[in-house]
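Structure first, commentary second.
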Amino acid sequence: MNKIPSPRIDDAMALQAVSNNSKLGSYPDLQGVRAVIQQGYLQYVAARGNAHAVMPVLLSQQIGAHLESHYKSPPADLKHITDLRAETEHLACPMCGSSHRGTLDHLLPKGNYPAFAVFSLNLVPACKCNSKRKELLKGPNPGERILHPYFDDCLAERLIAAKFEKLGAIPDVRLQLCVDSTHPDYAAIDFHVRSIVQRTSIVNFLRDRWIEFCRKPCLIVRALKRNPQSAQALKLTLEEELALLDDLYRGKNTWYSIFVAGLLHPEVLLWIFSQMHSPGRAADGPLI
Numbered sequence: 236m237n238k239i240p241s242p243r244i245d246d247a248m249a250l251q252a253v254s255n256n257s258k259l260g261s262y263p264d265l266q267g268v269r270a271v272i273q274q275g276y277l278q279y280v281a282a283r284g285n286a287h288a289v290m291p292v293l294l295s296q297q298i299g300a301h302l303e304s305h306y307k308s309p310p311a312d313l314k315h316i317t318d319l320r321a322e323t324e325h326l327a328c329p330m331c332g333s334s335h336r337g338t339l340d341h342l343l344p345k346g347n348y349p350a351f352a353v354f355s356l357n358l359v360p361a362c363k364c365n366s367k368r369k370e371l372l373k374g375p376n377p378g379e380r381i382l383h384p385y386f387d388d389c390l391a392e393r394l395i396a397a398k399f400e401k402l403g404a405i406p407d408v409r410l411q412l413c414v415d416s417t418h419p420d421y422a423a424i425d426f427h428v429r430s431i432v433q434r435t436s437i438v439n440f441l442r443d444r445w446i447e448f449c450r451k452p453c454l455i456v457r458a459l460k461r462n463p464q465s466a467q468a469l470k471l472t473l474e475e476e477l478a479l480l481d482d483l484y485r486g487k488n489t490w491y492s493i494f495v496a497g498l499l500h501p502e503v504l505l506w507i508f509s510q511m512h513s514p515g516r517a518a519d520g521p522l523i
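Position 15 of the sequence shown, counted from 1, bears residue number 250 in the working numbering, the numbering being contiguous throughout.
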């Protein structure tokens, strides 16, 4: 769940090349609709990929099938689709924040928006979290929509932290928004988290991370091999770790950052400090 740079592809030129390629099964069908599709591309950019503002382009079922086929098996003129799939699949997923992407999927579903099936700005790198939402795109309430990693600047902010409760060996774990209802994109952020992030295995990840942290803190935060001498020192150590994770994984809402952000909650921080200084505990020993 992070803001990422958009691909620099000349989609108008790519579409023109595909529509003029007589060796493809889509020839000459795409030639008659090329202009209207390109106009759709321009409107998509003007709307910044906002699902409430992008207007569907009316196309025949046959044209839609051609475009979907070109997405699944890109011809040479759409080689950038294959390249985009491969070049960044090892990076964090911008849709949910997990540690890998794995595929290149549609932000606006190709079933309802076939005109954007091969449009580079509608193709976002993601893990299986994006396919799990299927056709879900907008909610019933004003402003509720899936966020767009190329356009929504709020994704560069810290939006989520872990919330640990009933602290102990296996705490209760949930996600907590770091923004309140006054944020201009609150409805979209909340909807995106509920519709995508919470449907992943993130809670299991955070719970396992907590267990390992309690077993040996330096496994998760290396600087905690030595006990901080004050709660403030612990806070500074965790803040430094969080900043490093944000930098390393290129965003503030990866699962690694979400975990450490949760440790900085005042009640959790004081619990950790107290456990670290329990009588008889060795430095970097178990917290419990």
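We put the CB at the ideal spot given by N, CA and C, even for glycine.
TODO: Could you tell me how far apart the beta carbons of residue 216 and residue 390 are, in whole angstroms, since I believe they sit closer than 8 angstroms?
DONE: Absent from the model: residue 216. The displayed extent of the chain is 236 to 523, so no value can be given.
Open item on the list: Quick check on residue 322: buried or exposed, where buried means 16 or more other Cβ atoms within 10 Å of its Cβ?
Closed with: The residue is exposed, with fewer than 16 neighbouring Cβ atoms inside 10 Å.
TODO: Rank 267, 468, 268 and 347 by C-alpha distance to the C-alpha of residue 290 and give the top, closest one.
DONE: The shortest Cα separation from residue 290 among 267, 468, 268 and 347 belongs to 347.
Task: Backbone CA spacing between residue 319 and residue 370 [nearest angstrom] - done: Going from the Cα of residue 319 to the Cα of residue 370 covers about 22 angstroms.
TODO: Helix, strand or coil for residue 467, going by three-state DSSP, please let me know.
DONE: Residue state for residue 467 is assigned as helix, using DSSP reduced to three classes.
Task: Neighbourhood of residue 388 by C-beta distance below 7 angstroms, restricted to the same chain and skipping five residues each side - done: Cβ neighbours of residue 388 beyond the five flanking positions: 238.
Task: Coarse secondary structure for residue 238, derived from DSSP in three states - done: Residue 238: coil per DSSP, three-state reduction.
Open item on the list: Between residue 352 and residue 277, how many whole angstroms is the CB-CB distance? I'm expecting something under 8 angstroms.
Closed with: Their Cβ separation, rounded to whole angstroms, is 17 angstroms, which puts residue 352 and residue 277 out of contact at 8 angstroms.
TODO: Less than 8 angstroms between the CB atoms is what I'm expecting for residue 269 and residue 250, so what's the real figure, rounded?
DONE: The Cβ separation is near 6 angstroms, so the contact holds.
- [ ] Spatial neighbours of residue 368 within its chain, please: CB distance less than 8 angstroms, with the 5 preceding and 5 following residues excluded, ordered by chain position.
- [x] For residue 368, same chain residues with a beta-carbon under 8 angstroms away, outside a window of 5 residues either side, are 381, 430, 431 and 434 in chain order.
Task: Of the listed residues 504, 407 and 477, nearest to residue 465 (C-alpha basis) - done: Checked all of 504, 407 and 477; the closest Cα to residue 465 is 504.
Task: With 16 other Cβ atoms within 10 Å as the buried cut-off, status of residue 427 - done: Buried is the call here.
Open item on the list: Is it the case that the stretch 457-474 contacts the stretch 308-319, given that we only count it when at least three CB pairs across the two stretches are under 8 angstroms?
Closed with: Fewer than three pairs of CB atoms, one per stretch, sit closer than 8 angstroms, so the stretch 308-319 makes no contact with the stretch 457-474.
- [ ] Could you check the C-alpha separation between residue 374 and residue 441 for me, to the nearest Å?
- [x] Computed Cα separation, rounded: 27 angstroms.
- [ ] Report back the beta-carbon spacing between residue 522 and residue 452 to the nearest angstrom; my notes put them in contact at under 8 angstroms.
- [x] About 7 angstroms; that satisfies the 8 angstroms criterion.
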